[in-house]
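Visitor: First the structure, which I've put down as structure tokens, then a few questions once you've had a look.
There are 2 protein chains.
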Amino acid sequence: MNVFDKAMIFGIVAGLVAVIYSISVTIWALKHDEGSEKMKQIAKAIQEGATAFLNRQYRTVAVVGIIVFALILIGGIWIPQFGILTASGFLLGAILSTLAGYLGMFNAVRANIRTAQIAHQGVRPALKFAFKGGSVTGLMVLGLGVLGISVFMLIGYSLTGLGGVIDSLIGFAFGCSLISVFARLGGGIYTKAADVGADLVGKVEAGIPEDDPRNPAVIADQVGDNVGDCAGMAADVFETFSVTIIASILLAYSSFQGLGESELMKTILYPLLLGGFAVFTSIIGVFFVSAPTKEKIMQGLYKGLFATGIISAIVYYFFTMYFMKGVGNYSAMDYYYSALVGLVLTGLIIVITDYFTSTSFSPVKSIAKASTTGHGTNIIAGLAVGQMSTALPVIAIAFSILLSYHFAGFYGIAIAASSMLSMAGMVIAVDSFGPITDNAGGIAEMSELSSDVRETTDALDAVGNTTKAVTKGYAIGSAALAAIVLFGEYSNLIKIGIPDISFSISKPEVLIGLFLGAMLPYIFASLAMKAVGKAAGDIVVEVRRQFKEIPGIMEGTGKPEYGKCVDIVTKSSLREMILPAFIPIAGPIVFGLTMGPQVLGGILLGTIVSGLFVAVSMTSGGAAWDNAKKLIEKGLYGGKGSEAHKAAVTGDTVGDPYKDTAGPAINPMIKVVNIFTILIIPIILILWH
Amino acid sequence: MNVFDKAMIFGIVAGLVAVIYSISVTIWALKHDEGSEKMKQIAKAIQEGATAFLNRQYRTVAVVGIIVFALILIGGIWIPQFGILTASGFLLGAILSTLAGYLGMFNAVRANIRTAQIAHQGVRPALKFAFKGGSVTGLMVLGLGVLGISVFMLIGYSLTGLGGVIDSLIGFAFGCSLISVFARLGGGIYTKAADVGADLVGKVEAGIPEDDPRNPAVIADQVGDNVGDCAGMAADVFETFSVTIIASILLAYSSFQGLGESELMKTILYPLLLGGFAVFTSIIGVFFVSAPTKEKIMQGLYKGLFATGIISAIVYYFFTMYFMKGVGNYSAMDYYYSALVGLVLTGLIIVITDYFTSTSFSPVKSIAKASTTGHGTNIIAGLAVGQMSTALPVIAIAFSILLSYHFAGFYGIAIAASSMLSMAGMVIAVDSFGPITDNAGGIAEMSELSSDVRETTDALDAVGNTTKAVTKGYAIGSAALAAIVLFGEYSNLIKIGIPDISFSISKPEVLIGLFLGAMLPYIFASLAMKAVGKAAGDIVVEVRRQFKEIPGIMEGTGKPEYGKCVDIVTKSSLREMILPAFIPIAGPIVFGLTMGPQVLGGILLGTIVSGLFVAVSMTSGGAAWDNAKKLIEKGLYGGKGSEAHKAAVTGDTVGDPYKDTAGPAINPMIKVVNIFTILIIPIILILWH
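Chain order of the listed sequences is A and B. Going by the working numbering, the first residue of the first sequence is number 1, and it counts up by one from there. Going by the working numbering, the first residue of the second sequence is number 1001, and it counts up by one from there.
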């Protein structure tokens, strides 16, 4: 058996282990008590709403998907890199990304109610259960990625050989990315439109608490947590993982053509295998998570993360020394150092994001303080924190790029990105538990469970805000690395067609490409923010109507039409997701095809650079606003109902689309720009050769 | 007489014409009636406060200036490009920039009271007077620029020859930029700290109207308009003009070494001479400004601007055909087209910014509408408008770069930037009239003039918001061009030392430079926003104290201690301006000197790209918020006092530091980064050669 077959078998086994782990934990979880009839009713409404939304969302996306599939298929007549295998790759990537979204949602809408029930027993068991629930999504995403790529490569290789399967992998990546932009946008718009809409009429106008069952938008709000924070996030991180591995494979193939076949093969397989090992180190890491008290939830989660990181570092060492010895011009140690850079960067991003978004440190405290002087100063402080929060992650990323390049060239950056993404399973686990407990809290509130249940879920949820921000920081940080690998691949491929092309920033074409590329995340974010505003407006109108037309709704004698709100926000968020999702495809077409490969090169990098800043400032800034509100709700500066609290609620409302819609969607958006451009390189070369 | 002497004489004559125009208009203006005793008292308090602030600000800055002067002087011992002439250039640039600031303020604090008095007669005479007042600053800035550079070049040339004076011009540019960063920051923090502070306690807490004499911070607020919008802006645009011309001169000198002496000289002088001609076309343009009714104020102003533009286009044609014929490898027509690109870009930026910030179009209307659903949605809408407002200016700038490069290479970009900046006099005139009428309105309010006076000044002020945004868009747009010219010069100079250096974005050094450079405007903006928050906090505390401790202040029987507020905000804004002003110097030193010229090249361009977006989104977004508030105050969605109005006030508060502190200060900040880097190239080459 040669190295390729061995690696593929390992990849498939690792993927299956992850799937088996996920299924068995799910079976274990499903055995847990669902609580009272009322809880079951509510949970069922959430489940139905979430399923209905995802069904409709993916049906909409399927239309786009089928058109793209057909174009790639038919394009094969003229362009050899297109055709059936690339189209199949696209399809498989799209399906797996869809599946990741469904699984994330499926899992969350079942874990929430059980977490609410277990929360009766206190923080420790609730955390353990919710985290295990989250780990199902995490391992599933990691497993699907490793499994999907391995199976596709195995089949593709047997059909067309190495060159053919490599060419078609870009189709796989494009399928993942395209779907996940839609998932992030659709889910992100849904969740925040429902949240903002429910708050505006419920909390602000009618003066009823959050998650109050009298609010007609309350179920829609809960559905949003699942379709946005769970399904959207799962699709997004699945994409980030798969695209990074694929980018590394492509780069290895185009960079190491000079090596012998076995060595070339090793450089191609190495990043994927790191992901395979991560399945095992992540499962081990899961068992390290535990928190004795409320105050130590965060540390408990980090214990799991860092355990996975350290075990991975050890495993990768032995594996790299064995596998990569004598491969190419770099030493095995060089490859290992690059992998280590990725792991350390993961840790750094977590620590930095934690600092900027946790209630324990000065950034969030400064926003809370600024709330005492009004809405305006709260917003100013939050925007300032968001902007400042970009600096350290960017410095960390910049030095990681420099270091990993120093060790093994562009391939070193690819290894760092892959090893960073190998932590995805654990990161998702830490992230997913947040919306699960958030939802559990909602269910507890609506089914009028005792207040200590809500206290337990609230304590977990506050930590969830930070872990969600951390995941987003991680996703966007790793996306920057992955996108740079894609850019390196773009530059490699273009140079094959046009050997003397220069991407010097002294060239006006490259220079204006940077400007035009930097523009894309701004337009995208602006459209996404506006989309939330519009969809939320629809909900506001409907909730106001119900308050007016349904008698006894405020007294609790009339029943609100929850389904109506779910239906409206479903429709409006699907309508609003189309335009922004179009940007990362339109950008390269409008400016790239018409202005040539140099401009396009600038666009790719401009999008990455500006996207990183826009995304980090939005996700960290948004989370900081949210937690500043939480800090005040704990009693600071007058607590709930005070003027400071009102100002903090404003900040939280602004932070919502920042951190849950526009900010995180920039991550797949950057990659769509890059992958789509690589996909159309053959066309660019025909036009501009 | 050779071409150099002729050109210098023309430059000096043009400069003197501008100065004579300004002095004679000032004499004419000073003859106008100052109104009642009460008005005079108020105006005097504003004058004194403004003068005291500028004195202290420039005293603080002088310390920095003297240190830098000494360093450049002493550096001459080791580095031939430093020494007495460069140090003198630095000093002259710094002094002229200071002078521009003083003159802008001097003029504004005298025009405001007279405008208030003339406003009794209606819109038409008030506009005419206020605009003429503004034109003094505009022509003065233009004239000082042309005069200063001409005199410096003439003397420098006679002392050290062409090479020597060219080397030392960078000192002149650095002097301008450094001072203007301080002026923009100090003035910007002052004006917005006073404004936000006055509003927070006065409008929001005490419920008294804007500019109410019972508010202890009201004089400080008026002072702010003068030191921020007038002095800061004048110093800023003076810097933009001078630096652009100097950048073009440097670039011409390093690019056209292959030409004969007379031709080389012509390429060096051409950009400066365009500025000289602009003095005359601007004076002609001033006479085109007039508005028959309130509704046509904007058109009246634009008439003047476009008249100057069209006349310039004609004059530049004949001049270019005569002067640049047979110079270098490009035809005279090519040079002319490049100049035309600059003029057209000016027009485009004006039209685009007008669209995004005027009350007549959908962006501002959408923010006003979003205010009806609360503070949060107002902010979301404003942020979305700000982000979106970057797209068209960036596309316009990108195509201008491409076009002008197409006509005459990097030198073409320099010509486009210079011709764009030749419109500076007229643009400032249009801008300055805004704060003058704003102040006039304040004086009218405080001296209880009849309400139709306030109506007249309000109508002018609303337009002023847009024209201020237009100027900022213009300044930052032209700054992007100028900075790119500087970057081109950087790349030229580095290549002399290290011929085989590559600035390809495939190099990790260049790549991470882009990230690190893009970070600088984010840190800078964040610090500037925080500075406003802190300084405003100081005012809030003081105003609250006065309301509590001074008896009868709310009944109008006790007199507030205005001076105390002026004093406090002076101190706190000077304290807060230091840290952000440090960023554009620290960036190149920390990352550049330690990481080498490739990283530094990336940093330069990264700063430009990201700075352009941050600045435009802030200045346009801020103006849109302000005008959305004005739209509601006109009666839309319930008018003053409605919930929508309260939300709009929040947006306005956020917009304040956006549009008047952080956003506009990014313009000189970008250039300090670039100029400082060029200044230290000799050191970089020693370290990294």
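Glycine included, C-beta positions come from ideal geometry on N, C-alpha and C.
(1) Anything in chain B within Cβ reach of Phe503(A), meaning under 8 Å, just list it in chain order.
(2) Closest to Ser177(A) by C-alpha separation, out of Ser506(A), Asn378(A), Lys646(A) and Phe582(A), would be which residue?
(3) Which term fits Ala1070(B), buried or exposed, when burial requires 16 or more other beta carbons within 10 angstroms of its beta carbon?
(4) 8 Å is my cut-off, CB to CB: does Lys1472(B) come that close to chain A?
(5) Helix, strand or coil, according to DSSP, for Ser690(A) in the structure here?
(6) What residues from the region 1379-1395 of chain B come within 9 Å of chain A, judged by C-beta to C-beta, listed N to C?
(7) Please classify Met105(A) as buried or exposed, where buried requires at least 16 neighbouring CB atoms within 10 angstroms.
(8) I'd like the list of long-range same chain contacts for Phe172(A), defined as Cβ closer than 8 Å, with 5 residues on each side in sequence excluded.
(9) Output, in chain order, the set of chain A residues within a Cβ distance shorter than 7 Å of His1375(B).
(10) Determine, using beta-carbon pairs with one atom in the region 182-199 of chain A and one in the region 219-230 of chain A, whether at least three such pairs fall under 8 Å.
(11) Between the C-alpha atoms of Leu1685(B) and Ile1505(B), what's the straight-line distance to the nearest angstrom?
(12) Alpha carbons only, please: which of Leu1185(B), Gly1464(B) and Phe1174(B) is nearest the one belonging to Ser1572(B)?
(13) In whole angstroms, what separates the C-alpha of Ala1062(B) from that of Arg1575(B)?
(14) So which of Gly376(A), Leu96(A), Thr372(A) and Tyr322(A) has the shortest CA-CA distance to Ala183(A)?
(15) By a C-beta neighbour count over all protein chains shown, 10 Å radius and 16 as the cutoff for buried, is Met420(A) buried or exposed?
(16) Can you name, in chain order, every residue of its own chain whose Cβ lies under 8 Å from the Cβ of Ala1126(B), other than the five neighbours on each side?
(17) Output yes or no for whether 8 Å exceeds the beta carbon distance between Phe238(A) and Ala398(A).
(18) With distances taken Cα to Cα, identify the nearest neighbour of Ile352(A) among Ile367(A), Lys266(A), Arg56(A) and Val470(A).
(19) Are the Cβ atoms of Asn1667(B) and Asp1225(B) separated by less than 8 Å?
(20) With a threshold of 6 Å on Cβ separation, who are the neighbours of Met1669(B) within its own chain once the five nearest residues in sequence on each side are excluded?
(21) Opposite Ser1504(B) in the DSSP bridges: which residues?
(22) Around the C-beta of Gly517(A), are 16 or more other C-beta atoms found within 10 angstroms, so that it is buried, or is it exposed?
(23) List the whole-angstrom C-beta distance separating Val532(A) from Thr661(A), where the pair is believed to meet the contact cut-off of C-beta under 8 Å.
(24) Give the C-beta separation of Ile1179(B) and Ile1249(B) to the nearest angstrom, bearing in mind that I take them to be a contact with Cβ-Cβ under 8 Å.
(25) What residue does the alpha helix (DSSP H) around Trp28(A) start on, and which one ends it?
(26) For Phe1082(B), which of helix, strand or coil comes out of DSSP?
(27) If we call anything under 8 Å between Cβ atoms a contact, is Gly1326(B) one with Gly1145(B)?
(28) Does any residue of chain B have a CB that is nearer than 8 Å to the CB of Ile678(A)?
(29) I need the straight-line Cα distance from Gly638(A) to Leu631(A), nearest angstrom please.
(30) If you scan the region 67-129 of chain A from start to end, which runs of the alpha helix (DSSP H) of 4 or more residues do you find wholly inside it?
(31) Report all residues from its chain with a CB closer than 8 Å to the CB of Leu1054(B); omit the five preceding and five following residues, and keep chain order.
(32) Measure the CB-CB distance between Gly1134(B) and Ala1381(B) and report whether it falls below 8 Å.
(33) Since Met446(A) and Ile42(A) are thought to touch, with beta carbons under 8 Å apart, how far apart are those beta carbons, to the nearest angstrom?
(34) Express the C-alpha separation of Gly1621(B) and Ile1020(B) in angstroms, rounding to a whole number.
(35) Could you tell me which chain A residues have their CB closer than 7 Å to the CB of Phe1613(B), listed as they occur along the chain?
(36) Are there 16 or more other CB atoms within 10 angstroms of the CB of Val1590(B), so buried, or fewer, so exposed?
Guide: With the given structure in hand:
(1) Ser1504, Ile1505 and Ser1506
(2) It is Phe582(A) whose Cα lies nearest to the Cα of Ser177(A).
(3) Under the 10 Å beta carbon count, Ala1070(B) is surrounded by fewer than 16 other beta carbons and is classified as exposed.
(4) no
(5) Because chain A is modelled from 1 through 689, residue 690(A) falls outside the range shown and cannot be assessed.
(6) Ile1379, Ile1380, Ala1381, Leu1383, Ala1384, Val1385, Gly1386, Gln1387, Met1388, Ser1389, Thr1390, Ala1391, Val1394 and Ile1395
(7) buried
(8) Gly89, Phe90, Leu92, Gly93, Gly148, Ile149, Phe152, Ser242 and Ile246
(9) His375 and Thr650
(10) yes
(11) A straight-line Cα-Cα distance of about 21 Å links Leu1685(B) and Ile1505(B).
(12) It is Leu1185(B).
(13) 15 Å
(14) Leu96(A)
(15) buried
(16) Thr1115, Ile1118, Ala1119, Thr1437, Ala1440, Thr1456, Thr1457 and Leu1460
(17) no
(18) Val470(A)
(19) no
(20) Excluding sequence neighbours, Met1669(B) sits near Val1181, Phe1524 and Pro1584.
(21) Ser1504(B) is bridged to Ser504(A).
(22) buried
(23) 5 Å
(24) So it is not a contact: roughly 20 Å between Cβ atoms.
(25) Val3 to Leu30
(26) coil
(27) no
(28) By the rule that beta-carbons nearer than 8 Å mark a contact, Ile678(A) does not touch chain B.
(29) Taking the straight line from one Cα to the other gives about 11 Å.
(30) 84-118
(31) Gly1101, Tyr1102, Met1105, Val1227 and Ala1231
(32) No. Outside cutoff.
(33) 5 Å
(34) 38 Å
(35) Ala518, Tyr522 and Ser610
(36) exposed
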